[in-house]
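Have a look at the structure below before the remarks.
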Amino acid sequence: MKFLLICSFLCFTMVNSLNAQTLIKGKVRTPKGKPVPGASIALKDSYDGATSDSLGNFEFETTEKGAWLIQVSAIGFKQLEQPLEIGNQSITLDLVLREAVDELKAVVVTAGSFEASDAKRTTVLSAMDVVTTASANADVTGAIRTLPGTQQVGEKEGLFVRGGSGEEARVFIDGTLVNNFFYTSLPDIATRGRFSPFLFKGTVFSSGGYSALYGQALSGALILETIDLPEKTTASIGISTVGLSGGYQHLNEKKNASWGLNYGYTNLLPYFELFKQRPDYFRVPAFHYGDANFRVKTSKTGMLKFYATFQQNELGLRQPDIDSSALKNAFSLTNYNVYANLSWKERLGKKWKIYIGTSYSTNKDDIQNQLEDPDNKASQIEEPPFVTKSFDMVSKSDLLQVKTVIDRSLGTGLSAWRIGGEWLYFSDNLRYRDTFSVHTKPQDQFKAAFTEADIYITNDLAAKIGLRAEQSSLMDRANLAPRFSMAYKVGLKGQASLAYGVFYQKPERNQLIINPSLQFTKASHYIANYQLMTGDYTLRLETFYKEYEDLVKTHPKMSNNGRGYAKGIELFWRDKKTVKNVDYWFSYSYLDTKRDYLNYPGMLQPNFAANHTASLVVKKFMTKWKMQVNASYSFATGRPYYYFAYDPNREVYTVGAQGKTMPYNNMGLSLNYLPTIGKDKAKAFTVWVFSVTNVLNQKQIFNYNYSYDGRNKLGVRPAANQFFFLGCFISIGVDRTQDIINSNL
Amino acid sequence: MKRSAFLLMLITGSFSLFAQSDKYKQAMLQRIAELESAVPEGKMLTLANSFERIATAEKDQWLPYYYAAYCQVMAALTEKDKSKTDQLAEKAENLIKTAEQIAGGGNSETYVIHSMIATARLSVDPQSRWMLYGQSSSDYLEKARQADSTNPRPYYLEGQYKFFTPEEFGGGKKAAAPLLEKSIEMFDSFKAASELHPTWGKSAAAWFLSQCK
């Protein structure tokens, strides 16, 4: 009995000692001593643990004894595991968590680049912003022109970035270069981009210092990524003051593949009847647009995308000839364009990613210009400057390219290493139908190899180092372009970045025909940037210096003797909060640039560069009216214009006359009315769009053209002061989910 | 003598065995009881961590992961600093995916959590995200209904979404009320598979319904 008593006593004390609670308390902090609130502290594989409070303190009691592992985790930190011997004494722990390198918190190099997408944290604009910016008129580059670093150039298409000409900024779709992104150039009228902004889910606009994965753009790159699978099967129709469109997009039942077809026809005849245009359009602009696409999710992580478009358009316009008060120039264009892009992305294992993209485009321009008398009859004058004015030519250009990028992630963090290459086959065919010009067929096999490393030293410090090598068979020359950028986190929401890079670009086709031994033109970028971003505000400040070397001079002979520089300061501010339901952004650019190129007599500020440019974009959603109101205002100081007089005795150009245009002002307004939004039973989703450019009807003069002798100058003005647009777009969801829900009620 | 000692050992032994199997249930029940008060007290994350500890200790139970995900997404939905919402939502998504792995696939209750995660992500920037996450949120509710037509939570959530949607967009109190009413009817007849399976939502549905009148 005694034994039993002792035994049970022993048992009790054992049980008691087993059940005795040990207090474990302490603090979770960063290596710098900052508290980590909300961290989970757990005795691994037991139920016991706690969550740290706002000061990082925690405490809990446990009945466990012996050797355990204590596990500490918090969002944004590396998990900590350390052994813990639990006895009867209470334990005080000092737990230090190190920041995890993760995409949500890590710095991102933002110097020189603006990103528009919905997926990433660092984006300044969303994909929807690109579509709804008032002055953009559903042109991809329209929204980009409200960002700092770009010029308001109304007489020529393209993005004029930081003192660069329109040719110096290139567009890439799904990784590959796009030839003829814009409609064919017209005399003194800027054309639009060929591609609908609804085609893209992500846009990166780089005004300098861009990645080694891209090349052949001295000033800037616009990198577009096409949309993935649609959310459901839909048919769409659109009708507007300029045309009709329709399309069908099918999503399979497993939701892993889709295909679609779209067609649009635009004809400006009715619009031009109503609103008078300055040029006399003897062939009213008419456009056919057709596209086909398919997208297949090849695995959980793989995506195959195909997109092809066929376009045909024509127009003819007559404008007064600058060298004579009686004569006119009749310009006529027929354009065919086919573009196809096939790309595949896949993750191979945990560390590897692969991208393969290929694209083909062919563009044919049939262009005539005819000097005409007052009765619109052809007029032949065999003396300068008139003799070269009439021409008839066919220009065909093809581009076939293949690009591949292999990406390997390094370590456990975000560091990665990329390597890849591209092969581009350019084939041009220029044929004049007259007798004295030469038929030329330049072809170029252009190859590039590149490598790039993203190195995350900590969450707060990252560097991107790249190298790109290019070779052109036509020029028989090669180049090596280093790129470097780094970013450092300043405070919780701010970051500073630096970027440096060397960029090469082939001289223009026509220049290479005249002198095939030209070298690559070259630009070096130096950029410093600060960005502060909270959920509701974005502030960016950027300053840059850019040096141009080996620019093409056309006089006294075709050479690489040109040069130039550009420097400036830019500001971007976006605020979604201060005014309720109003979202606005403001950008300002100061630019100081001069260059000596083409036939410039010396270092001059080019005629496409204004010193000060500013834009304000405002968006307001009026829930009550189901309407989104978008307004924008762009301003630029006057741009210089020149008359280069040729002195035949000394065989040089001199500045015969110069001046500055009036400042540029443009206020745009667009209203999007969504009458069916939120209506469960509606089978169609309707959007009405009304937009006006230059609401205040301000006078705009972009540049001045001079007569051959310099005695007469004529302002380059838009084809019409204002452009009005009214359209209705309906998409019909073939998906019946909503019906099912309703019938269940 | 020896026999009684053996008996005692047997008793204490079986008692501790019983305690072991009961521990999981007791711990779960205790925390499930805290669910309702955790939101007003701002203790959702604490509770989420608490469920996660059970989840990692048990390894083969999907419910602790499910509740951890539920608490985490509730924390995401109630977080005022929208810059943190995505991180919380991501954590919730990882937890619910683990729950689904253990449960051998998605079920009506896990789809409900997926829908809530999409809604949390939507709330960060409704204007640019509604096309993607609005659709995905309602798709998951539909999936939840198809997986279990007696589950009241998809109806309650749809009613709640409608409650917060402006009338102009097809929401509002009028649109919310019938859904909430239906959910309460369903709550009354809903039988959870065990006392640890989810039952939450009724009092919240009743509260929203009272606000509709």
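Just so you know, the protein sequences line up as chains A and S, in that order.
Counted the way numbering that gives the first Met the number 0 counts, the first sequence spans residues 0 to 744.
Counted the way numbering that gives the first Met the number 0 counts, the second sequence spans residues 0 to 212.
All residues carry an ideal CB built from backbone N, CA and C; glycine is no exception.
*Under 8 Å between beta-carbons, which chain A residues line up against K90(S)? List them in chain order, please.*
The contacting residues are I74.
_What does the Cβ neighbour count give for R710(A), buried or exposed, with the cut at 16 atoms within 10 Å?_
Exposed is the call here.
*Please decide whether G534(A) counts as near chain S, where near means a Cβ-Cβ distance under 8 Å.*
By this cut-off, G534(A) is an interface position.
_Less than 8 Å between the beta carbons of E252(A) and T297(A), yes or no?_
Taking 8 Å as the Cβ cut-off, E252(A) and T297(A) do not qualify as a contacting pair.
*Classification of L511(A) by the beta-carbon crowding that lies within 10 angstroms, buried from 16 upward*: That one is buried.
*Output yes if chain A places a C-beta closer than 8 Å to the C-beta of S82(S); else output no.*
Judged by the 8 Å Cβ criterion, S82(S) is in contact with chain A.
*May I ask you to verify whether the segment 286-297 of chain A touches the segment 316-326 of chain A, counting CB pairs closer than 8 Å and requiring at least 3?*
Verdict: no, contact absent.
*Report the residues of the segment 220-244 of chain A with a CB closer than 7 Å to any CB of chain S, ordered along the chain.*
Interface annotation for the segment 220-244 of chain A against chain S: E230, criterion Cβ-Cβ distance under 7 Å.
_Taking the straight line between their C-alpha atoms, what separation do you get for M392(A) and R430(A)?_
As the crow flies, the alpha-carbon of M392(A) is around 6 Å from that of R430(A).
*For chain A, is any of its Cβ atoms less than 8 Å away from the one on T55(S)?*
Cβ-Cβ to chain A under 8 Å: yes for T55(S).
*asked:* Looking at the secondary structure, which residues open and close the beta strand (DSSP E) in which D549(A) lies?
replied: Its beta strand (DSSP E) spans residues 536-552.
*Candidates V401(A), Q697(A), K698(A), G714(A), of which the one nearest Y705(A) by Cα*: Check the Cα spacing between Y705(A) and each of V401(A), Q697(A), K698(A), G714(A): the tightest is with G714(A).
*asked:* Is S45(A) close to chain S? Criterion is C-beta to C-beta, closer than 8 Å.
replied: True, the Cβ-Cβ gap to chain S drops below 8 Å.
*What do you get for Q369(A), buried or exposed, if any count of 16 or more other CB atoms within 10 angstroms of its CB means buried?*
Q369(A) is classed as buried because its beta carbon has at least 16 other beta carbons within 10 Å across all chains shown.
_Reduced DSSP secondary structure (H/G/I, E/B, other) of W199(S)_ = It is coil, neither helix nor strand.
*Ends of the alpha helix (DSSP H) at N375(A)?*
Careful: N375(A) lies outside any alpha helix (DSSP H) and carries neither H nor E.
*DSSP on K172(S), reduced to helix/strand/coil?*
Helix.
*Measure the C-alpha to C-alpha separation of E541(A) and G208(A) and round it to an integer number of angstroms.*
Near 12 Å, if we compare the C-alpha coordinates of G208(A) and E541(A).
*Measure the alpha-carbon distance for S137(S) versus S114(S) and round it to whole angstroms.*
A straight-line Cα-Cα distance of about 7 Å links S137(S) and S114(S).
*Rank Q145(S), D147(S), T149(S), A174(S) by C-alpha distance to the C-alpha of Q159(S) and give the top, closest one.*
Among Q145(S), D147(S), T149(S), A174(S), the Cα nearest to that of Q159(S) is on A174(S).
*Look at the alpha carbon of Q248(A) and the alpha carbon of T403(A), and state the distance between them as a whole number of angstroms.*
Our two residues, Q248(A) and T403(A), have alpha carbons roughly 29 Å apart in a direct line.
*Determine, using beta carbons only, whether A630(A) comes closer than 8 Å to chain S.*
When Cβ-Cβ separations below 8 Å define contact, A630(A) makes no contact with chain S.
*Between the C-alpha atoms of I238(A) and L497(A), what's the straight-line distance to the nearest angstrom?*
Rounded to the nearest whole angstrom, the CA to CA distance from I238(A) to L497(A) is 47 Å.
*T792(A) touches chain S at which residues, Cβ-Cβ below 7 Å?*
The structure shown does not extend to residue 792(A), since chain A spans only 0 to 744, so no value can be given for it.
*Tell me, please, whether the CB atom of E51(S) is closer than 8 Å to any CB atom in chain A?*
It does; some Cβ of chain A falls within 8 Å.
*If we cut at 8 Å on Cβ distances, does Y155(S) have a partner in chain A?*
Output row for Y155(S): interface = no.
*Can you find a C-beta in chain S that's less than 8 Å from the C-beta of G732(A)?*
Output row for G732(A): interface = no.
*Does the beta carbon of T622(A) come closer than 8 Å to any beta carbon on chain S?*
At least one chain S Cβ lies under 8 Å of T622(A).
*When you compare each of F274(A), A462(A), A307(A), G561(A) to S195(A) by their alpha carbons, which one comes out closest?*
Of F274(A), A462(A), A307(A), G561(A), the residue nearest in Cα terms is A307(A).
*With a cut-off of 8 Å, do at least 3 Cβ pairs link the segment 199-218 of chain A to the segment 374-394 of chain A?*
In this structure the segment 199-218 of chain A does not touch the segment 374-394 of chain A; the number of beta carbon pairs closer than 8 Å is below three.
*Between L96(A), E371(A), N340(A), which lies nearest to E80(A) when the distance is taken from Cα to Cα?*
For E80(A), the nearest C-alpha among the options comes from L96(A).
_Distance between I69(A) and A495(A) (C-alpha atoms, nearest Å)_ = Rounded to whole angstroms, A495(A) to I69(A) spans 37 Å at the Cα level.
*Can you name the residues that DSSP bridges to D406(A)?*
Its beta-bridge partners are K352(A), R417(A).
*N-terminal and C-terminal residue of the beta strand (DSSP E) that Q461(A) is part of*: In the sequence on display, residue 461(A) carries Ala and not Gln. That run of the beta strand (DSSP E) goes 460-471.
*Three or more C-beta pairs closer than 8 Å, one from the segment 216-230 of chain A and one from the segment 166-178 of chain A: is that the case here?*
Result yes; three or more Cβ-Cβ pairs closer than 8 Å.
*Going by C-alpha distance, which of T145(A), T140(A), I172(A) is nearest G165(A)?*
Ranking the options by Cα distance to G165(A), first place goes to T140(A).
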